[in-house]
Amino acid sequence: MTKYIPREKLEHLIWMPNGSIPTPRSRFASQERLNLERQYFFMAKTSTYAQGVHALQNGCKAAANSVHPQCTLDDGNKIYRPLTFKENIGARVHDYESNKDSEERLRLFQRWNNSCTAIAYQKGTAKFKVVPISQELIFIPEDFNQSYMKIKYDDIEEPELEQYTAIYNEALTPAQVETHPAWLAAVEGDVHLLKTYRDIVVAERKTKTAMAFGIQTEISEDYLRTLFVSDLDSNSNAGGLDLKNYGGSFLRVVPVVSAGGKL
Amino acid sequence: MNPAELRKHFIESLYETLDNVVSPTPYIEITDGEKFDVKLLDGKGNLPKPDTTEITCLDMNIASLFFDDFNILLEGITGVGKTYTTDVLSKAVFGPGSYNTIRLGGGLLGASALEPFTFTELDNGVPKSRIAQEKCQQYGLLFIDEINRGDTQEVFQAVDGEIHVNGDTGYLRIPIPGTDRHKKLAIFGSMNPADAQHSSALELDLAGENRFLKFTFPNGVEEAGASQLDKRAYQNLHDQFWDSFRKRTGMKGTWRDLYPLVADPETVKAELHHDAREFIDVALGYVSKDPVEVIKRNAGLLKSTGYEARCTFKDDGNDVQRVRDAQKNLKHGFVRRDLKKIHNFASLLAFIKGVKAGTYDASVSLHDIAASIGVVLESKKITGSADGSVLALVNDALHSYKQIRARMNIPSDIGVRELVWQAAMYAEKERGFGAYNSTIIQGIDTLNTPAKGVADAVLRSRLAADLAVLTHFSNNYKTDVETILREEQNPEATLDAFRVLYEQKKAQASVYAHRLSFVRG
Chain W
210 MTKYIPREKL EHLIWMPNGS IPTPRSRFAS QERLNLERQY FFMAKTSTYA QGVHALQNGC
270 KAAANSVHPQ CTLDDGNKIY RPLTFKENIG ARVHDYESNK DSEERLRLFQ RWNNSCTAIA
330 YQKGTAKFKV VPISQELIFI PEDFNQSYMK IKYDDIEEPE LEQYTAIYNE ALTPAQVETH
390 PAWLAAVEGD VHLLKTYRDI VVAERKTKTA MAFGIQTEIS EDYLRTLFVS DLDSNSNAGG
450 LDLKNYGGSF LRVVPVVSAG GKL
Chain E
3 MNPAELRKHF IESLYETLDN VVSPTPYIEI TDGEKFDVKL LDGKGNLPKP DTTEITCLDM
63 NIASLFFDDF NILLEGITGV GKTYTTDVLS KAVFGPGSYN TIRLGGGLLG ASALEPFTFT
123 ELDNGVPKSR IAQEKCQQYG LLFIDEINRG DTQEVFQAVD GEIHVNGDTG YLRIPIPGTD
183 RHKKLAIFGS MNPADAQHSS ALELDLAGEN RFLKFTFPNG VEEAGASQLD KRAYQNLHDQ
243 FWDSFRKRTG MKGTWRDLYP LVADPETVKA ELHHDAREFI DVALGYVSKD PVEVIKRNAG
303 LLKSTGYEAR CTFKDDGNDV QRVRDAQKNL KHGFVRRDLK KIHNFASLLA FIKGVKAGTY
363 DASVSLHDIA ASIGVVLESK KITGSADGSV LALVNDALHS YKQIRARMNI PSDIGVRELV
423 WQAAMYAEKE RGFGAYNSTI IQGIDTLNTP AKGVADAVLR SRLAADLAVL THFSNNYKTD
483 VETILREEQN PEATLDAFRV LYEQKKAQAS VYAHRLSFVR G
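Going line by line, the protein sequences match chains W and E.
Remember, our numbering sits 209 above the position in the first sequence when you count from 1.
Remember, our numbering sits 2 above the position in the second sequence when you count from 1.
(1) At 7 Å on the CB atoms, spell out the chain W contacts of PRO493(E), in chain order.
(2) Can you check whether the C-beta of THR441(E) is within less than 8 Å of a C-beta belonging to chain W?
(3) Starting from the C-beta of THR326(W), find all residues in its chain whose C-beta is less than 6 Å away, skip the five residues before and the five after it, and write them out in chain order.
(4) Is there a Cβ from chain W that is less than 8 Å from the Cβ of ALA515(E)?
(5) Does the CB of TYR17(E) have a neighbour CB from chain W at under 8 Å?
(6) Just tell me which of LYS291(E), ASN450(E), THR251(E) and ASP398(E) has its CA closest to the CA of LEU303(E).
(7) In angstroms with no decimal places, state the Cα-to-Cα distance between LYS287(W) and THR388(W).
(8) Of all the residues that make up the segment 463-489 of chain E, which are near chain W by a beta-carbon distance shorter than 8 Å?
(9) Do ARG105(E) and GLU148(E) have their CB atoms nearer than 8 Å?
(10) Count the other CB atoms within 10 Å of the CB of ALA265(E); is the residue buried (16 or more) or exposed (fewer)?
(11) Would you call ASP468(E) buried or exposed, if buried means 16 or more other Cβ atoms sit within 10 Å of its Cβ?
(12) Between VAL377(E) and chain W, is there a C-beta pair that is closer than 8 Å?
(13) Starting from the C-beta of LYS343(E), find all residues in its chain whose C-beta is less than 7 Å away, skip the five residues before and the five after it, and write them out in chain order.
(14) Using only alpha-carbon positions, find the residue among PHE69(E), ILE30(E), ASN63(E) and LEU395(E) that is nearest to THR55(E).
(15) Under a three-way DSSP split, which group does TYR455(W) fall into?
(16) Over the uninterrupted beta strand (DSSP E) stretch that includes ALA188(E), give me the two end residues.
(17) List the DSSP bridge partners of ALA329(W).
(18) Would you call ASP277(E) buried or exposed, if buried means 16 or more other Cβ atoms sit within 10 Å of its Cβ?
(19) By DSSP, does PHE336(E) sit in helix, in strand, or in coil?
(20) Name the chain W residues whose beta carbon is nearer than 9 Å to that of LEU449(E)?
(21) For chain E, find out if any of its Cβ atoms is closer than 8 Å to the Cβ of GLY299(W); answer yes or no.
(22) How many angstroms separate the CA atom of VAL521(E) from the CA atom of ASP482(E)?
(23) Closer than 9 Å between beta carbons: that is the criterion. Which residues of the segment 418-441 of chain E meet it against chain W?
(24) Who are the Cβ neighbours of ALA394(E) in its own chain at under 8 Å, not counting the five residues just before and after it?
(25) Could you tell me which of ILE297(E), VAL161(E) and LYS330(E) sits nearest to LEU2(E), measuring between CA atoms?
(26) Any beta-carbon of chain E closer than 8 Å to the one on LYS218(W)?
(27) Exposed or buried, ASP283(E), counting other C-beta atoms within 10 Å across all chains shown (16 or more means buried)?
(28) Does DSSP put MET252(W) in a helix, in a strand, or in coil?
(29) Kindly list, in the order they appear in chain E, the residues whose Cβ is closer than 7 Å to that of TRP224(W).
(30) So, helix, strand or coil for MET427(E), using DSSP?
(31) Classify TYR373(W): buried if its beta carbon has 16 or more other beta carbons within 10 angstroms, exposed otherwise.
(32) Short of 7 Å Cβ to Cβ, which residues in the segment 386-400 of chain W face chain E?
(33) Rounded to whole angstroms, what is the Cα-Cα separation between LEU265(W) and GLY457(W)?
(34) Can you check whether the C-beta of ILE416(E) is within less than 8 Å of a C-beta belonging to chain W?
(35) Considering only C-alpha positions, which residue in the set LEU239(E), THR314(E) and SER349(E) is nearest to LEU16(E)?
(36) Is PHE347(E) buried or exposed, if buried means 16 or more other CB atoms sit within 10 Å of its CB?
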């Protein structure tokens with residue numbers, strides 16, 4: 210009899226929106242090896258989101274052996290991008306589990322994480338969409354100084370969510386988190402990752418509710434913001450973050466360096 | 003003592019007893035691991051290598067005792083040891099009076115396969131055959147020599163374990179102590195090859211061969227040479243064997259008490275891994291049918307579900323011809339009964355490998371199935387055709403299947419179609435029915451691309467076509483599928499619910515029943 214197959218064994222076959230069909234990995238073993246060779250660190254905070262994106266891109270370009278994720282442009286060139294919301298969560302989980310018995314385990318939880326994942330709102334409605342990799346955010350001009358970016362909501366080909374279908378702007382119980390549509394969209398449907406992360410937050414916060422998902426109401430025009438996850442002391446909430454007034458706080462991926470090595 | 007331990011002691015005692023009696027006759031060699039290979043040895047063993055298992059004719063005979071649906075037919079020229087090997091095995095396990103050897107033959111004086119189980123009485127002065135019920139439970143093994151020269155219908159009755167004579171019915175089996183089950187009478191057959199040197203021999207008909215696994219008993223005399231002179235059939239093999247078994251296990255009783263317990267087929271049944279099951283589906287189209295026709299059939303299915311078939315390959319003129327040449331040697335293609343034979347023989351190979359590795363485990367792997375398909379195919383060859391050509395096809399198919407799996411990163415023991423299907427179910431739960439369809443389409447697109455060769459094209463076209471049928475089924479019953487995925491939160495329950503839907507609807511089209519059975523597992 211066919212058995213249920215855990216998601217992590219088949220996630221590479223699950224269709225993803227925005228045409229980003231995941232490339233099958235050649236071997237699980239090599240994927241695991243790759244993860245083990247990575248580590249994450251916080252870049253210095255910047256005044257705006259846009260400045261943080263450019264600082265990240267410049268830092269990666271300057272590194273000889275950067276392993277930070279990139280996007281491929283139509284002309285074949287590549288550009289470094291901020292981690293997605295899901296990658297940020299994955300980084301926190303990975304780092305936590307790699308340092309489980311040390312004080313270091315919560316180092317990535319101590320500041321909020323910006324991402325290249327966007328939350329897009331529709332004018333005059335309670336509808337919104339989560340865009341895992343937002344071109345607008347990756348190519349944001351360095352001098353961008355608005356609290357949000359105007360867009361055409363209808364041009365976004367992502368599943369639509371609606372704020373009346375779940376609890377928003379309030380702390381959630383563990384059971385509510387794992388079925389929460391916006392949280393699930395934010396982690397690109399990776400329930401296993403979401404549950405693991407939730408369990409860490411609950412255990413470390415020693416609280417019955419946390420991880421609120423915040424959304425804007427009374428939307429006067431179509432626009433998007435970066436989707437962020439807050440620090441642990443703030444209950445690890447998620448939501449769209451103002452691009453102007455909260456500054457940039459990004460994780461950068463670097464290879465693990467052996468003794469005597471250089472970045 | 004658990005069944006695996008009982009088997010261990012049974013087999014160790016048997017090899018110990020027969021060591022001085024039977025010279026090993028190497029039959030096939032299976033190399034596991036990355037460089038999987040199956041080779042017919044024709045009586046000539048190779049030096050032992052890591053990951054390689056040599057299987058002898060005696061191994062096959064012994065292992066077959068553990069499978070009720072598995073009858074061995076030994077084909078070989080007179081004097082190579084077919085009868086001798088079976089005879090000493092029968093002597094050791096069943097002892098005098100508890101196994102029977104009959105030689106069939108044409109004409110009035112030829113024996114009947116039912117003869118050991120019948121007697122004749124006078125009915126109003128007319129001699130009439132009746133079933134002797136006590137004889138139906140007297141024997142553990144029946145060896146039918148020159149099986150191709152007897153009454154086919156009578157042979158079939160004996161092989162099937164249920165005989166009918168003049169209105170009486172007899173069941174050829176012995177009870178398994180402590181259960182309500184029975185152990186079927188083991189049947190071994192032998193025949194001379196139906197070639198020019200054996201003018202009186204006939205090819206066994208299709209129905210006969212389908213009931214047996216026929217393998218060519220190699221003539222290993224030049225290889226074994228003088229070592230065979232030391233092998234003599236001892237008179238007390240039966241006592242030696244069972245004394246050894248009783249001593250090892252502390253059990254008491256005669257063969258009639260112990261053998262059915264040890265060889266109870268229920269205790270050696272092994273589930274097929276899903277990749278092994280899928281390989282049967284995809285490989286049979288390549289090894290036993292015209293590959294071009296199979297690709298066309300799959301292309302037709304893809305087209306009828308809205309896809310253009312793209313599993314093309316560049317034929318240099320030799321690729322397809324090589325397959326056709328190998329298939330020309332087959333007397334007939336696969337039939338339904340062969341699927342069971344493949345499963346059983348794979349179980350038997352797994353069992354032998356488990357014995358040789360000392361694990362006595364019988365779980366059936368992809369490699370066991372591949373080897374089994376190869377051996378079953380070889381058994382269907384026209385007498386006298388060259389050995390090994392159809393095994394090479396199986397090796398091609400396995401190589402292609404492994405490459406497809408590697409490209410799609412399919413974890414071991416899981417089928418390609420099964421994984422795509424379950425990925426689609428995750429997608430539906432997370433993003434709706436559109437994502438479900440897109441996930442399957444993405445799977446089809448990955449498979450439905452130009453192939454590296456004919457084997458690759460056949461296998462990928464089959465997998466892609468099956469997934470296309472899945473999209474058709476799912477869209478036909480979209481509301482049901484959506485309901486299942488919406489209502490069931492537990493993944494296991496979702497699978498079960500989908501399976502129930504499939505069982506309810508598969509009769510709507512035979513193509514659903516044939517192409518989507520992977521859903522059932």
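All C-beta atoms in this analysis are idealised placements derived from N, C-alpha and C, irrespective of residue type, glycine included.
According to the data block:
(1) The residue given as residue 493(E) occupies position 491 in the second sequence. Neighbours of PRO493(E) on chain W, chain order: TYR213.
(2) Mapped onto the second sequence, residue 441(E) falls at position 439. Chain W, which has a Cβ nearer than 8 Å to the Cβ of THR441(E), makes this yes.
(3) Reading the first sequence from its first residue, position 117 is the one you call residue 326(W). Same-chain partners within the cutoff: THR293, PHE294, PRO341 and LEU436.
(4) The count along the second sequence starts at 1 and reaches residue 515(E) at position 513. Put simply, the CB of ALA515(E) is far from chain W, with every gap to its CB atoms at 8 Å or more.
(5) Working through the second sequence from its first residue, we reach residue 17(E) at position 15. So no, TYR17(E) is outside the interface.
(6) Within the second sequence, numbered from 1, the residue matching residue 303(E) stands at position 301. When each option's Cα is compared against that of LEU303(E), the closest is ASN450(E).
(7) Residue 287(W) sits at position 78 when you count from the first residue of the first sequence. Residue 388(W) sits at position 179 when you count from the first residue of the first sequence. Whole-angstrom Cα-Cα distance: 35 Å.
(8) none
(9) Start at 1 with the first residue of the second sequence, and residue 105(E) comes out as number 103. Start at 1 with the first residue of the second sequence, and residue 148(E) comes out as number 146. Yes, the pair counts as a contact, with Cβ atoms nearer than the cut-off.
(10) If you number the second sequence from 1, residue 265(E) lands on position 263. Label assigned to ALA265(E): buried.
(11) Indexing the second sequence from 1 puts residue 468(E) at position 466. Buried: at least 16 other Cβ atoms inside 10 Å.
(12) For the purposes of this step, residue 377(E) is identified with residue 375 of the second sequence, where counting begins at 1. No - not a single Cβ of chain W is within 8 Å of the one on VAL377(E).
(13) On the second sequence, position 341 is the one that residue 343(E) refers to. Within the same chain, LYS343(E) has close Cβ partners LEU215 and VAL378.
(14) Start at 1 with the first residue of the second sequence, and residue 55(E) comes out as number 53. For the residues PHE69(E), ILE30(E), ASN63(E) and LEU395(E), the minimum Cα distance to THR55(E) belongs to ILE30(E).
(15) Mapped onto the first sequence, residue 455(W) falls at position 246. Three-state DSSP puts TYR455(W) in coil, outside helix and strand.
(16) On the second sequence, residue 188(E) is found 186 positions in, with the first residue counted as 1. Segment 188-193, the beta strand (DSSP E) holding ALA188(E).
(17) What you label residue 329(W) is simply residue 120 of the first sequence in a count that begins at 1. Answer is LYS338(W) and LEU433(W).
(18) For the purposes of this step, residue 277(E) is identified with residue 275 of the second sequence, where counting begins at 1. By the 10 Å Cβ count, ASP277(E) comes out buried.
(19) The residue given as residue 336(E) occupies position 334 in the second sequence. Look at PHE336(E) here: in three-state DSSP terms it is coil, with no helix or strand label.
(20) Within the second sequence, the letter at position 447 stands for residue 449(E). The contacting residues do not exist; LEU449(E) stays about 11 Å from chain W at best.
(21) Here the question's residue 299(W) lines up with position 90 in the first sequence. Not an interface residue.
(22) On the second sequence, position 519 is the one that residue 521(E) refers to. On the second sequence, position 480 is the one that residue 482(E) refers to. Cα to Cα, the separation comes out at about 16 Å.
(23) GLU420, LEU421, VAL422, TRP423, GLN424, ALA425, ALA426, TYR428, ALA429, LYS431, GLU432, ARG433, GLY434, GLY436, ALA437, TYR438, ASN439, SER440 and THR441
(24) Looking up residue 394(E) in the second sequence gives position 392. Taking ALA394(E) as the centre and dropping the five residues before and after it, the same chain places the C-beta of ALA328 closer than 8 Å to its C-beta, in chain order.
(25) Because chain E in this structure spans residues 3 to 523, residue 2(E) falls outside the shown range and cannot be described.
(26) Here residue 218(W) refers to the residue found at position 9 when the first sequence is read from its first residue. Output row for LYS218(W): interface = yes.
(27) Taking the second sequence and counting its residues from 1, the one referred to as residue 283(E) is at position 281. Classification for ASP283(E): buried.
(28) Numbered from its first residue, the first sequence carries residue 252(W) at position 43. DSSP places MET252(W) in coil when its eight states are reduced to three.
(29) Looking up residue 224(W) in the first sequence gives position 15. Those are ALA429, ALA437, SER440, THR441 and GLN444, listed as they occur along chain E.
(30) Taking the first residue of the second sequence as position 1, residue 427(E) is located at position 425. Looking at MET427(E) - three-state DSSP - the assignment turns out to be helix.
(31) Taking the first residue of the first sequence as 1, we reach residue 373(W) at position 164. Exposed: under 16 other Cβ atoms inside 10 Å.
(32) Against chain E - using a Cβ distance shorter than 7 Å - the residues of the segment 386-400 of chain W are LEU393 and GLY398.
(33) For this step, residue 265(W) is matched to residue 56 along the first sequence. For this step, residue 457(W) is matched to residue 248 along the first sequence. Roughly 10 Å between the two C-alpha positions.
(34) Position 414 of the second sequence holds residue 416(E). So yes, ILE416(E) belongs to the interface.
(35) Within the second sequence, residue 16(E) is the residue found at index 14, counting from 1. With distances taken between Cα atoms, LEU16(E) lies closest to LEU239(E).
(36) Residue mapping note: residue 347(E) aligns to position 345 of the second sequence, counting from 1. Result: buried.
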